[in-house]
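>
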Amino acid sequence: MDINDIIGLSVEGSLSLMLVVVAYKIYRMKIQSHSGCCLEKGNGNGIIINTANSGVSDENDVLDKL
């Protein structure tokens, strides 16, 4: 193995590790969403969806800001 091969493999390995870490950080990001569809004024019919992943620590905190 040449030194250039070793440098190429180490750069490739470090970029692969960085990609895994970024993907994990995005997966654990605190995300909560609130969505409403087909709501008519007055009768309350429609679809309301609340979603949250395990990264959210306090559900009421995020909904209060909406």
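Our numbering puts the first residue of the sequence shown at -15, with every later residue one more than the last.
All C-beta atoms in this analysis are idealised placements derived from N, C-alpha and C, irrespective of residue type, glycine included.
Quick caveat: nothing in here was measured; it's all calculated off a predicted structure.
1) At which residues does the alpha helix (DSSP H) containing ILE10 begin and terminate?
2) Could you name the residues that DSSP lists as bridge partners for ILE15?
3) Kindly indicate the opening and closing residues of the beta strand (DSSP E) around ASN34.
4) With a Cβ-Cβ cutoff of 8 Å, do ILE31 and CYS21 count as a contact?
So, to answer that:
1) -13 to 11
2) DSSP lists no partner for ILE15.
3) Run containing ASN34: 31 to 36, per the beta strand (DSSP E) assignment.
4) yes
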